[in-house]
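Worksheet: the structure to be examined is printed underneath.
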Amino acid sequence: MIHFKAIGKLMGGLLMLLGLLMLPGIGFSYYYHSGDQMPLIYSSFVSMAMGALLFFSFSKQDQIIRKREGYMIVFLSWLFMSIFGMLPFLVSGTLPKLPDAIFETVSGITTTGASVINDIENLPAGILFWRSMTQWIGGLGIIVLTVAIFPLLGIGGIELFVAESPGPTSDKLHPRIRETAKRLWYVYVGLTLLLMGLYYIGGMNFFDAINHALTTMATGGFSTKNASMAYFEIPFIQYVAILFMFLAGTNFTVIYFGLVGKFDRVWKSDEFKAYVIVTTLIILVLSFPVFHFSGENLEKAFRDTAFQVVSLLTTTGYVTADYTSYGHGLTILFFLLLFVGGCAGSTAGGIKFIRHLSFFKNTILEFKRIVHPRAVVPLKINGDRVTGKIITHIMIFLLIYLMTFVMGSVVLSVLGYDMITSFGAVATCLGNVGPAVGLVGPLDNFSFFSPIAKIFLSIIMLLGRLELFTILVIFSPYFWRAN
250 MIHFKAIGKL
260 MGGLLMLLGL
270 LMLPGIGFSY
280 YYHSGDQMPL
290 IYSSFVSMAM
300 GALLFFSFSK
310 QDQIIRKREG
320 YMIVFLSWLF
330 MSIFGMLPFL
340 VSGTLPKLPD
350 AIFETVSGIT
360 TTGASVINDI
370 ENLPAGILFW
380 RSMTQWIGGL
390 GIIVLTVAIF
400 PLLGIGGIEL
410 FVAESPGPTS
420 DKLHPRIRET
430 AKRLWYVYVG
440 LTLLLMGLYY
450 IGGMNFFDAI
460 NHALTTMATG
470 GFSTKNASMA
480 YFEIPFIQYV
490 AILFMFLAGT
500 NFTVIYFGLV
510 GKFDRVWKSD
520 EFKAYVIVTT
530 LIILVLSFPV
540 FHFSGENLEK
550 AFRDTAFQVV
560 SLLTTTGYVT
570 ADYTSYGHGL
580 TILFFLLLFV
590 GGCAGSTAGG
600 IKFIRHLSFF
610 KNTILEFKRI
620 VHPRAVVPLK
630 INGDRVTGKI
640 ITHIMIFLLI
650 YLMTFVMGSV
660 VLSVLGYDMI
670 TSFGAVATCL
680 GNVGPAVGLV
690 GPLDNFSFFS
700 PIAKIFLSII
710 MLLGRLELFT
720 ILVIFSPYFW
730 RAN
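Take the position in the sequence shown, starting the count at 1, then add 249; the result is the number in this note's numbering.
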């Protein structure tokens with residue numbers, strides 16, 4: 250039996266929190282005289298009122314949260330955030346059509362960064378800030394924030410953290426889940442503030458600095474400029490963005506250990522080592538062909554290569570150059586980066602380095618098992634043996650991910666879009682990246698898609714952000730069977 254009353258109370262608290270997070274944009278509305286303060290106020294009031302109704306209706310209920318409740322809460326949280334998070338776009342008239350508002354909001358909450366807005370610089374300041382805030386909220390996961398704060402309201406839940414982070418690793422900084430969530434957010438907030446300061450020092454105004462800091466640390470990619478990061482043709486800003494995109498794509502527990510001086514724990518991570526080595530090699534290998542095709546000087550070619558590689562690997566989605574103009578071969582290589590993703594426990598989306606690493610290491614070991622069938626050849630990550638259950642989980646995840654990509658591309662093709670665009674749109678939405686290839690390249694957006702296609706791609710973004718299993722398990726018959 251699923252305890253829906255406990256879920257209802259938590260959803261109420263979540264909506265109240267979401268409403269509160271809409272309020273900072275009102276200050277920018279008044280400061281810049283953009284006239285969008287009332288839509289934000291209305292949207293905040295509706296969210297908090299609905300949240301209060303749910304919360305206090307179930308405030309006396311026993312808070313029994315098990316694994317099934319955890320998965321249901323995560324699924325409903327992202328659904329509720331998408332529904333109520335689009336209110337500022339609808340009420341302000343920025344995106345009056347429901348499919349557009351849904352797409353933009355889901356893209357923000359899932360930190361995908363794909364957009365249907367053709368003139369971003371013409372948006373009112375408050376709405377523009379809320380657009381960036383949706384990515385910052387979704388960056389580390391609203392459920393982690395909920396786990397850190399809601400115990401104060403009598404709500405806890407290890408199950409929520411597990412459901413929000415369904416990857417193959419479950420490192421904790423502290424045995425109490427609330428302390429883990431709090432420390433992750435200290436790192437997240439601290440790096441965001443530091444980045445905002447660096448952007449400001451580098452030449453951005455305060456509004457651009459805070460918006461880009463929010464979306465960089467979230468690996469989201471929403472920008473205040475139509476040209477994205479290419480607008481800021483300042484080497485310092487772009488190198489700072491590269492560094493912090495890379496950090497945002499790193500497991501936050503690894504960052505925490507580095508900040509407290511436990512460097513042995515940092516380099517013990519096989520995933521982090523693979524992340525550093527692979528990223529560096531790809532940048533070095535691609536820099537020279539980019540230098541050849543772009544006609545830029547070597548430093549600019551290296552910077553553009555590093556920026557695009559890190560942006561795509563970490564699923565941030567910022568662009569400083571059109572990588573599809575470098576020839577078909579390089580375009581394919583950049584397209585393949587959409588299927589990598591950052592580290593588990595980071596704000597990045599995608600398949601994640603840990604799954605790729607486990608898959609390739611296990612594949613190599615399988616050759617040894619074939620030659621020595623009686624030998625026991627275990628897969629080890631970080632020096633620890635990986636159980637067969639986890640290996641099976643990874644293999645099934647990769648298979649479902651591939652099937653979702655293929656089936657999603659077929660659906661878009663049936664809806665009338667060319668094959669390259671269909672591949673690109675599904676790959677970038679499933680990986681929560683932003684730009685891709687075809688008609689959704691780095692210089693394009695998603696405004697031309699039909700309403701049905703936008704809703705479909707929104708579902709794909711949610712599937713990718715919650716790493717497939719969290720949503721798909723709810724639709725399995727086993728989830729609803731009594732214990």
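Idealized CB from N, CA, C, for every residue including glycine.
Taking all protein chains shown into account, do 16 or more other C-beta atoms lie within 10 angstroms of the C-beta of residue i, making it buried, or fewer, making it exposed?
i, result
"P288", "buried"
"Y572", "buried"
"P627", "exposed"
"L208", "Within the shown structure, residues of the chain are numbered from 250 to 732, placing residue 208 beyond reach of any answer."
"H282", "exposed"
"G268", "buried"
"Y280", "exposed"
"W516", "exposed"
"Y505", "buried"
"T343", "buried"
"I581", "exposed"
"L579", "buried"
"I351", "buried"
"L409", "Annotation note: pLDDT 46 at L409 (below 50); position unreliable, no value reported."
"G406", "In this predicted model, G406 has a pLDDT of only 46, less than 50, meaning its place in the structure is not dependable; the value taken from the coordinates is given anyway. By the neighbour-count rule (16 or more Cβ atoms within 10 Å), G406 is buried."
Over what stretch of residues does the alpha helix (DSSP H) that includes residue i continue unbroken?
i, result
"G683", "Run containing G683: none; DSSP gives neither H nor E here."
"I459", "F455 to M466"
"D513", "F512 to W516"
"A624", "Neither: A624 is in no alpha helix (DSSP H) and is coded neither H nor E."
"Y291", "Q286 to S306"
"T502", "F501 to L508"
"K522", "D519 to S543"
"V323", "K316 to G334"
"S472", "Where S472 is concerned, there is no enclosing alpha helix (DSSP H), given that its DSSP letter is neither H nor E."
"G548", "In the sequence as presented, Gly is not what sits at residue 548; that position holds Glu. Per DSSP, E548 belongs to the alpha helix (DSSP H) from L547 to L562."
"H577", "H577 to L585"
"A374", "A374 to L389"
"I486", "P484 to A497"
Would residue i pass as a contact of residue j if the rule is Cβ separation under 8 Å?
i, j, result
"F501", "T465", "no"
"L587", "T499", "no"
"I376", "S341", "yes"
"G599", "V589", "yes"
"G470", "Y567", "yes"
"G451", "I486", "yes"
"F584", "S364", "no"
"G687", "D667", "yes"
"T641", "L679", "no"
"A497", "S595", "yes"
"I358", "I256", "no"
"L463", "T429", "no"
"L717", "V355", "no"
"G388", "A467", "yes"
"A570", "A476", "no"
"I643", "R618", "no"
"V503", "S518", "yes"
"I723", "V675", "no"
"F495", "T554", "no"
Using DSSP with H/G/I as helix, E/B as strand and the rest coil, what is residue i?
i, result
"K638", "helix"
"I630", "strand"
"S725", "coil"
"L269", "helix"
"E716", "coil"
"N367", "coil"
"S696", "coil"
"I358", "helix"
"A593", "coil"
"R736", "Since the first and last residues shown for the chain are 250 and 732, residue 736 lies out of range."
"L664", "coil"
"P348", "helix"
"L688", "helix"
"L259", "helix"
"K601", "coil"
"G566", "coil"
"M250", "coil"
"G452", "coil"
"F481", "coil"
"Y280", "helix"
"T343", "coil"
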